[in-house]
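Read through the structure below, which is laid out as structure tokens, and then see the notes.
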Amino acid sequence: MPSEYELRPVTRADADDWRGFVADHPAATVFHSWGWLTAVDSSFRYDPAHFLVTETGGSEVVAAVPGFSVRGLGGPTVVNPFCEYGFPLVADGVDTAGVLRALAADVGPLGARVLKDAGWTGLAGYNAAGYGAVRTGEVIRLDTTRAFDEVRERSVSAEGRRCLRTASEAGLTVRPGTVDEYYPLYLETMQRLGSPQFPESFFLDLAAELGDDCTVLCAERTGETVGGVLLLDFGGVRMVWSNASLQSAWEHRPNHRLYAAAIEDACLGDIDTVDFGRSRPGTGVHDFKRQFGGESSPLSSFVTPPHRSGRASLEGYGAAASVAERFSPVLTSPVVGPRLKRFIHE
Amino acid sequence: MPRNRLTELALALALVAVVWYYRRREKTVRESLILSQQWDGAAAGDAHEPAAVDSSNPSALTDLATLLDAQPGEVPERVEALDAKVRTLSTDLEKARTSWAGRWWSALNAPAPDLDERHVTVVDLEDGTLDDAEAIAKRALDDPLGVTIVTARADGTLAVAVGSDVEDQRADEIAREVAAEAGGGAGGGPEFATGGGESEQLVAAAESVRDRLAAEAGFAA
């Protein structure tokens, strides 16, 4: 039976169509933005596999799907890499399962497509279209359409407020920073964890593509930069995408101070939601994020065909974490780290 | 003969590998489709219901591990921890019910504050903790003309809420005043603050501050 929908590969000539559709869609995230896709393309040279979807024989765009074809040992996987969200943006009144089926039909004999979605989008139809799912964690999103005092007093936990007092008493201050200032902090954190790092060029590309919507905040104490956070804004949502700090400064709670500054700035501006990004319940990172309040939402990756769901699983990375720390000097060397990151793409 | 044996062995190994692969594949497909089915159900408006665990299902342990967000080997430990948590929570719930009944009865006999004028209220939670005090104080933020001081004697803490129409008082200053009299410290913002001190002295300190506010700032006590 012919598909009700057809896929149109997106080229640079379609940038305006893409931008227009994404800008009008209420669930679009920064990871659907042309800026994000261009930065990934520039830094990693994956094969772009973004599609605009139309009804068969029609010309009106009814969905937009971001993705890159990433080569792996078992075959290519189409995925929006390095981010939380890669779900299709589907226009109102369109049969989502039909769009998902059209995407599934485009996967080659050894290929797989991974669509990253979160509970807050309300998108359904994956099972009907034959996709399997892998739970990858949770995101926490905080409403910032309120005064910061109200957020602090009503949403931040007692432990969170205690840590903020500690940061304040330690004289920690926050100021706008640059990617050049943030990258050494990020690199040190990756080296501590033994986790392959992004090349600095990716952060620079992001800053260039997103402009004022890519912000760095730095935490300082006695003149030393002890922490930083990289924020991506899009459509009234602020994504806390990367955070790093010196272990020697943890007693002064720089990460609490940075998150609070990002939230306070969101409350003052036109940001309605701060999204703290993916973490796994039961981990220290998740507990840290929960201190700031907000609503938790499950994250899953949907995979077609379903027997290749393992390609979206993050279990292997968790299991490798303890071993990776031992090999950190190799895994995070300037030559090996960015190349491994390209391969890992999560 | 050795060549025939080697061929047989290779074929047997290949057969085992194929069977293993397809069993693993079938398991992956089943588990991932269950999850996507649950997702679509939740998106359609149902609650995120956990999948039923069928004891005749060989992957029940795996399903249970997924529900607990744990590895299969960690399941016994996680279940034991959950069981202990349920027992503790049941005990806490019973204590809370008894305590709630006592407080409800006391509140029946206490004079209600006049909500149309500025008023200060001390709430003492004999066996309460900071979480209890914070919960009550946060609720009290809805009282625009009220100052509410909640003491929790189980862990020697307090929480203070100042209503939005009380413009000449700050929660953090009141909390510090109470805490200082009880030998402790406090912090927070203009509407909401928390602190701690010696449990035995907290109630007297809170009442002292209440009386001062009544005498000096015209609050009904």
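Here the protein sequences come in this chain order: A and B.
Residue 152 in this note's numbering sits at position 152 of the first sequence, with consecutive numbering throughout.
To convert, take the position in the second sequence, counting from 1, and add 1000; that gives this note's numbering.
Backbone N, C-alpha and C fix where the C-beta goes; we use that ideal spot for every residue, glycine too.
On a CA-only basis, which of the options is nearest residue i? Give me that one, please.
i               : options                               : result
R308 (chain A)  : A:V30, A:R8 and A:V79                 : A:V79
A128 (chain A)  : B:A1012, B:Q1037 and B:V1029          : B:Q1037
L1141 (chain B) : B:A1110, B:P1190 and B:P1002          : B:P1190
T29 (chain A)   : A:E181, A:E6 and A:G86                : A:G86
L246 (chain A)  : A:F31, A:D212, A:E138 and A:L185      : A:L185
V99 (chain A)   : A:L110, A:F51 and A:A320              : A:F51
G1188 (chain B) : B:R1210, B:G1102 and B:K1138          : B:K1138
P26 (chain A)   : A:G57, A:S42, A:D95 and A:A63         : A:A63
W120 (chain A)  : A:S297, A:I344, A:T304 and A:L110     : A:S297
P88 (chain A)   : A:P66, A:D24 and A:G223               : A:P66
R12 (chain A)   : A:L37, A:E6 and A:A23                 : A:L37
E1198 (chain B) : B:D1143, B:A1152 and B:L1009          : B:A1152
L115 (chain A)  : A:F31, A:E220 and A:G20               : A:F31
E1216 (chain B) : B:R1118, B:V1122, B:Q1201 and B:S1032 : B:R1118
G1041 (chain B) : A:R19, A:Y46 and A:Y126               : A:Y126
I1174 (chain B) : B:A1133, B:A1096, B:A1206 and B:A1017 : B:A1206
D1124 (chain B) : B:G1102, B:P1144 and B:L1145          : B:G1102
L210 (chain A)  : A:V40, A:D17 and A:L7                 : A:V40
Y183 (chain A)  : A:D213, A:C218, A:A170 and A:G171     : A:C218
F1192 (chain B) : B:I1149, B:R1210, B:D1211 and B:L1202 : B:I1149
Y259 (chain A)  : A:A324, A:R19 and A:R175              : A:R175
How long is the line joining the alpha carbons of residue i and residue j, rounded to whole angstroms?
i               : j               : result
A15 (chain A)   : W34 (chain A)   : 7 Å
R238 (chain A)  : V107 (chain A)  : 33 Å
G160 (chain A)  : F292 (chain A)  : 7 Å
G75 (chain A)   : A112 (chain A)  : 8 Å
D1155 (chain B) : D1131 (chain B) : 10 Å
D1054 (chain B) : L1061 (chain B) : The pLDDT assigned to D1054 (chain B) is 39, lower than 50, so where the model puts this residue is not dependable; a value taken from the coordinates is nonetheless given after this. The straight-line gap from Cα to Cα measures roughly 9 Å.
V226 (chain A)  : R257 (chain A)  : 11 Å
A1204 (chain B) : V1178 (chain B) : 9 Å
D1114 (chain B) : A1043 (chain B) : 47 Å
I1034 (chain B) : E4 (chain A)    : 26 Å
T1194 (chain B) : L1213 (chain B) : 18 Å
A1047 (chain B) : D233 (chain A)  : Because the pLDDT at A1047 (chain B) is just 48, under 50, the model does not fix this residue reliably, and the value given afterwards should be weighed accordingly. Going from the Cα of A1047 (chain B) to the Cα of D233 (chain A) covers about 31 Å.
A262 (chain A)  : L1093 (chain B) : 38 Å
D287 (chain A)  : C163 (chain A)  : 13 Å
F82 (chain A)   : E346 (chain A)  : 5 Å
A1180 (chain B) : T173 (chain A)  : 28 Å
P1111 (chain B) : A158 (chain A)  : 31 Å
Y1021 (chain B) : D24 (chain A)   : 45 Å
V362 (chain A)  : F203 (chain A)  : Because chain A spans 1 through 346 in this model, residue 362 (chain A) falls outside it and cannot be assessed.
A1096 (chain B) : E251 (chain A)  : 36 Å
G986 (chain B)  : E1200 (chain B) : Outside the shown range of chain B (1001 to 1221) lies residue 986 (chain B), about which nothing can therefore be said.
V1016 (chain B) : D47 (chain A)   : 37 Å
C214 (chain A)  : E181 (chain A)  : 14 Å
Please work out which residues of its chain come closer than 6 Å, Cβ to Cβ, to residue i, disregarding the five sequence neighbours upstream and downstream, and give them in chain order.
i               : result
T166 (chain A)  : R253
T189 (chain A)  : A244
R141 (chain A)  : T273, D275, G294 and E295
S155 (chain A)  : G293
A91 (chain A)   : V62
N1057 (chain B) : Low confidence applies here, because N1057 (chain B) scores a pLDDT of 48, under 50, leaving its location unreliable; read the following figure in that light. Closer than 6 Å at Cβ, skipping near neighbours: no residue.
L1223 (chain B) : Because chain B spans 1001 through 1221 in this model, residue 1223 (chain B) falls outside it and cannot be assessed.
On the DSSP bridge assignment, give the partners of residue i in chain order.
i               : result
E220 (chain A)  : A:T173 and A:T225
L232 (chain A)  : A:C214 and A:M239
P9 (chain A)    : A:F51
I1136 (chain B) : Paired residues: none, contrary to the question.
A64 (chain A)   : A:L52 and A:L89
T77 (chain A)   : A:V70 and A:A112
G1195 (chain B) : B:L1158 and B:A1186
Quick one: what's got a C-beta closer than 7 Å to residue i's C-beta in the same chain, skipping five residues either side?
i               : result
C267 (chain A)  : T144, R146, A147, F148 and V151
A300 (chain A)  : Strictly speaking, residue 300 (chain A) in this sequence is Ser, with Ala absent from that position. These residues qualify, in order along the chain: D117, A133, V134, R135 and T136.
P281 (chain A)  : E138
S328 (chain A)  : Q191 and G194
S1099 (chain B) : D1127
What's the call for residue i, buried or exposed, on a 16-neighbour Cβ count within 10 Å?
i               : result
S242 (chain A)  : buried
P306 (chain A)  : buried
V10 (chain A)   : buried
K289 (chain A)  : buried
W1039 (chain B) : buried
L1009 (chain B) : exposed
L231 (chain A)  : buried
L1011 (chain B) : exposed
P1002 (chain B) : exposed
Give me, in chain order, the residues of the same chain whose beta-carbon lies closer than 8 Å to that of residue i; leave out the 5 immediate sequence neighbours on both sides.
i               : result
I271 (chain A)  : T144, D233, G236, V237, R238 and D265
A49 (chain A)   : P9, G67, F68, S69 and V78
G1184 (chain B) : G1156, G1195, G1196, G1197 and E1198
T332 (chain A)  : L187, M190, Q191, G194, S195, P196 and Q197
D1168 (chain B) : A1217
Mind pulling the chain D residues with CB within less than 7 Å of residue i?
i               : result
K1138 (chain B) : The structure shown contains no chain D; its protein chains are A and B.
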